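In the numbering used here, the protein residues as written are 4 to 243.
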């Protein structure tokens, strides 16, 4: 009997708990992970200057079409494949139609908390940095379960159980913890972005930083909110 391969495309903006959620799925014995596979294609096309830009471009294919082909029809060694995607990497040149073969899911977070966090590593974030229009586009096109980072932190077991059920897979208790440290599966950009998750052994439950949003980012927050509010009503919630 042929084992059915489930290819999960988790679409998230930056500073959204995305790497911790990748760690969670990688802790399953039946799951392999792919870390931001469209990053090199994104940098190659946009010419943006990101940390470790040259190393990122050298580490992955720069053809978005080739990446999408591998993600949707390439070989997978495990029954589950978890693809951690940044929505801002989904440029107009990325082929959309083949993505229908994936099981899509969406990780959202209150944009005020996203901007407060992101401003610490990039002083002047833009709407394009956050990929919110692409996230809404993907949700409206393909649908799929939505989870909010705050709900994952509040009740990891309950929220991940709901997520797994919505994806048609069984929850695995191994998803709640992992050894600290770096992974071979982490992108070459990890030294610049993953310090927090490398020190972690599970989902923290303290709710994260309560730092205030800088005043200069209030106009950007107002632009972000409609995109978040389009998906947030669909998020999976554990009944109180």
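Ideal Cβ positions, reconstructed from N, Cα and C, are used throughout, including at glycine. Here the structure is a predicted model, which means the values were calculated and not measured.
Residue i versus the options, residue with shortest Cα-Cα distance
i, options, result
"residue 155", "82, 241 and 213", "241"
"residue 20", "62, 187, 47 and 120", "120"
"residue 16", "220, 113 and 189", "113"
"residue 179", "172, 167, 191 and 163", "163"
"residue 149", "169, 130 and 131", "169"
"residue 177", "18, 188, 31 and 202", "31"
"residue 204", "195, 182, 198 and 187", "182"
"residue 231", "50, 127, 139 and 108", "139"
"residue 127", "226, 234, 33 and 220", "220"
Straight-line gap, residue i to residue j (C-alpha atoms, nearest Å)
i, j, result
"residue 82", "residue 103", "18 Å"
"residue 29", "residue 58", "24 Å"
"residue 239", "residue 99", "25 Å"
"residue 14", "residue 42", "13 Å"
"residue 80", "residue 35", "8 Å"
"residue 222", "residue 77", "42 Å"
"residue 10", "residue 213", "35 Å"
"residue 72", "residue 218", "43 Å"
"residue 106", "residue 12", "6 Å"
"residue 159", "residue 110", "13 Å"
"residue 141", "residue 38", "19 Å"
"residue 153", "residue 131", "23 Å"
"residue 206", "residue 165", "16 Å"
"residue 189", "residue 173", "25 Å"
"residue 86", "residue 40", "8 Å"
"residue 56", "residue 145", "31 Å"
"residue 194", "residue 186", "11 Å"
"residue 143", "residue 196", "30 Å"
"residue 108", "residue 233", "15 Å"
"residue 151", "residue 236", "10 Å"
Sequence-distant residues of its chain with Cβ nearer than 7 Å to residue i (five each side left out)
i, result
"residue 200", "22, 23 and 26"
"residue 216", "115, 118, 119 and 224"
"residue 228", "114"
"residue 184", "201"
First through last residue of the alpha helix (DSSP H) which encompasses residue i
i, result
"residue 47", "42-49"
"residue 178", "Counting along the chain, residue 178 falls outside any alpha helix (DSSP H), and DSSP gives it neither H nor E."
"residue 10", "Note, residue 10: premise wrong, no alpha helix (DSSP H); beta strand (DSSP E) at 9-15."
"residue 69", "67-76"
Delimiting residues of the beta strand (DSSP E) encompassing residue i
i, result
"residue 86", "83-89"
"residue 36", "34-38"
"residue 151", "149-151"
"residue 109", "106-111"
Spatial neighbours of residue i in its chain, beta-carbon cut-off 8 Å, leaving aside the 5 residues before and after
i, result
"residue 53", "46, 59 and 192"
Cut-off 6 Å between Cβ atoms - residues of its own chain near residue i, not counting five sequence neighbours on either side
i, result
"residue 7", "none"
"residue 101", "71 and 75"
"residue 157", "none"
key: Cβ contact check for the segment 31-46 and the segment 63-73: 3 or more pairs under 8 Å   = Enough Cβ pairs lie closer than 8 Å, so yes.
query = Do the segment 132-144 and the segment 85-92 touch if we need at least three Cβ pairs shorter than 8 Å?
reply = Judged by Cβ distances under 8 Å, the segment 132-144 makes contact with the segment 85-92, as three or more pairs qualify.
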